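A short write-up of the structure that comes next.
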Amino acid sequence: MLRSVYLKTLRDYRIAILGWGIGMGLVIISPMASVATLISTPQARAALVALAAQFAWNAEPVATGTVGGYATFKIGIFIFLVGVWPLLAASRMLRGEEDRGSLDVLLSMPRTRARVALEKLAALWTALLAIGMIAGVLAYLGGVAFHGNFILLDGLLFGLDLALICAVIGCIALLISQFTHERGPAAGATGGLLIVFIVVDMVHRVVPNTEWVSRLSPIYYYNLSKPLIPSYGTSVGGMLVLLGLAVVLSGAAVWLFVRRDVGDVVRIPGLPLRAAIPSRALPTGDWSLRSVYARSLGMIAMPTFWWTLLIAGFAAWMVVVVEQMVGKLNDLLNSSSGSSPALGILKNIGGGGTALNSIFLGAMFELLPVLLMAFAVTQVSRWKTDEDEGRLEIILSTPQSRSKVLLGRFAALATAAVIVGVATLAATAGASALGGVKLDPTNLAEATLGMIPLGLSSASSGPT
């Protein structure tokens, strides 16, 4: 495995391939397991289809009365959480090795810079393809278990479509890293662009006659294919667009890498050159150096702030707009007997309830644990980076036991998760008071604080 740059890089991705592939496969299977109870009668199936149309902002509701259609709709925009790994991997693929000096050692061998970059890029693409294929096979097995009407080829095409959009995201990060001195800003900028792409893709499903706007997002071309819905099928054109974008972006990144100095950035004409950040040596009296826990807490302070802003802001916004959304759903969900099948479906998704606004918020708050789990996974992934770059050895030489270091870091992450949960509780309670939305305090606390154990359980699986 160490005979070439390609094989060595692919070997480094082996845990991520299994972790993300199996994880995304289980994400697909999960809604398949619940759809049988939601379409047990023709009335319930029709109600589910009508209800899905009210949530078109999440995903286009196509054949939601089928196993594959419901799974495709239910995961919606959250399938793009798989894009977190390629943007992190691509941003550190070249820039990360330049930071720690390992690229200089690699280039001292009789290999050209272009060959090294291309072999690393090929390993990344192979890893993404493997992740997609694992997810696709698991999706097919889920379809077999829960009586889906798609075949193995459909599952593999789903995985291929997923691999292509991940390749585009990764190549964007690789390109941006040519303009930054560190991998962190490149990963952050790519993550911001991913959110923008998701929102731009939503536009045509919310605002009529705006499909031309959504065409500016690569997510739009990913959504053109729905292989798990045989009646909808796969868009060859959409996949070719994604492949073309990945090739162009990666080609531009490699071309810029070959022509710039190692450790330097591409200079943009007209913009002042930003100096590289000096040594990160910390003063001996810094509060965060008193313990592993304090240092870990200091390192994740800014990510915690931004993720708290995102999660708490989303929850508060849902509380603010719940009355408007419920008003649109009233005709669909309320019947004279109060036993609308659509209302029952929404109750199942939202965890039960009696008031319509509580039911709707329950359904929306199902998304909060997913966001907190994404935060936990991104933070745990940094532990592996510290080990690869030798920083862990420095900590262990102080001396500190491995168990103490691990527990200190996990305690810091647990503290951050609690901060996110408490801030979300405060934001939703404040929004409820300002918006005049009556919510049960106990249920609100359970919905916001209950996501903390789920986030920590995802972190406990370890870095991938």
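Numbering (our numbering), first residue to last: 47 to 510.
For each residue, glycine too, the CB sits at the ideal point set by N, CA and C.
Values in this document were obtained by computation on a predicted structure and should not be read as measured data.
Between the CA atoms of residue j and residue i - distance to the nearest angstrom
i	j	result
residue 443	residue 149	25 Å
residue 57	residue 429	18 Å
residue 259	residue 241	15 Å
residue 326	residue 475	Only weak support exists for where residue 326 lies, its pLDDT of 49 falling under 50; the value from the coordinates is given anyway. Approximately 40 Å, taken between the alpha carbons.
residue 59	residue 134	12 Å
residue 382	residue 119	Because residue 382 sits at a pLDDT of 40, beneath the cut-off of 50, its placement in the model cannot be relied upon, and the following sentence gives the value as read from the coordinates. The straight-line gap from Cα to Cα measures roughly 29 Å.
residue 274	residue 70	15 Å
residue 159	residue 141	13 Å
residue 280	residue 485	43 Å
residue 505	residue 426	6 Å
residue 237	residue 93	36 Å
residue 61	residue 67	10 Å
residue 262	residue 250	11 Å
residue 212	residue 114	21 Å
residue 287	residue 364	34 Å
residue 310	residue 228	10 Å
residue 91	residue 109	10 Å
residue 276	residue 201	11 Å
residue 89	residue 112	14 Å
residue 138	residue 127	18 Å
residue 340	residue 467	20 Å
residue 351	residue 493	20 Å
residue 299	residue 161	13 Å
residue 301	residue 453	43 Å
residue 197	residue 289	24 Å
residue 291	residue 307	26 Å
residue 194	residue 482	44 Å
residue 230	residue 163	19 Å
residue 264	residue 226	23 Å
residue 233	residue 353	15 Å
residue 54	residue 147	17 Å
residue 448	residue 282	50 Å
residue 312	residue 285	30 Å
residue 278	residue 348	43 Å
residue 192	residue 152	49 Å
residue 509	residue 366	The predicted model places residue 509 with a pLDDT of 49, which falls under 50 and marks its position as unreliable, so this point remains unresolved.
residue 85	residue 203	26 Å
residue 257	residue 479	37 Å
residue 65	residue 245	27 Å
residue 72	residue 441	36 Å
Reference residue i; option with closest CA among the options
i	options	result
residue 143	224, 194 and 91	224
residue 131	481, 422 and 280	422
residue 491	310, 472, 427 and 227	472
residue 419	455, 498 and 172	498
residue 156	356, 50, 55 and 229	50
residue 248	75, 221, 266 and 81	266
residue 52	165, 121, 146 and 125	165
residue 79	189, 293 and 445	189
residue 465	503, 170 and 355	355
residue 359	95, 278 and 477	477
residue 416	496, 285 and 480	496
residue 503	459, 152 and 245	459
residue 297	479, 217 and 72	217
residue 293	171, 432 and 81	171
Inter-residue CB distance, residue i and residue j (contact presumed, cutoff 8 Å)
i	j	result
residue 269	residue 106	7 Å
residue 173	residue 63	5 Å
residue 295	residue 239	Wrong, their Cβ atoms sit about 12 Å apart, outside the cutoff.
residue 501	residue 457	So it is not a contact: roughly 14 Å between Cβ atoms.
residue 136	residue 219	4 Å
residue 74	residue 129	Rounded, the Cβ-Cβ distance is 15 Å, inconsistent with contact.
residue 338	residue 450	7 Å
residue 470	residue 357	6 Å
residue 361	residue 414	6 Å
residue 77	residue 125	That pair is no contact at about 11 Å.
Cβ of residue i within 9 Å of any chain B Cβ
i	result
residue 502	In summary, chain B is missing from the structure at hand, where a single protein chain is found.
Task: Stretch-stretch touch, CB-based, cutoff 8 Å, three pairs: the region 334–351 with the region 178–189 - done: no
Task: Contact the region 207–225 vs the region 164–178: 3+ CB pairs below 8 Å - done: yes
Task: Contiguous beta strand (DSSP E) assignments of at least 3 residues, all confined to the region 230–316 - done: none
Task: Length at least 4, wholly inside the region 49–115: the alpha helix (DSSP H) runs in chain order - done: 51–58, 60–84 and 88–99
Task: beta strand (DSSP E) segments (min. 3 residues) lying fully within the region 177–228 - done: none
- [ ] Counting only runs of 4+ residues fully inside the region 449–500, write out the alpha helix (DSSP H) ranges in chain order.
- [x] 487–495
Open item on the list: Going residue by residue through the region 129–180, where are the continuous beta strand (DSSP E) segments of at least 3 residues, counting only ones entirely within it?
Closed with: none
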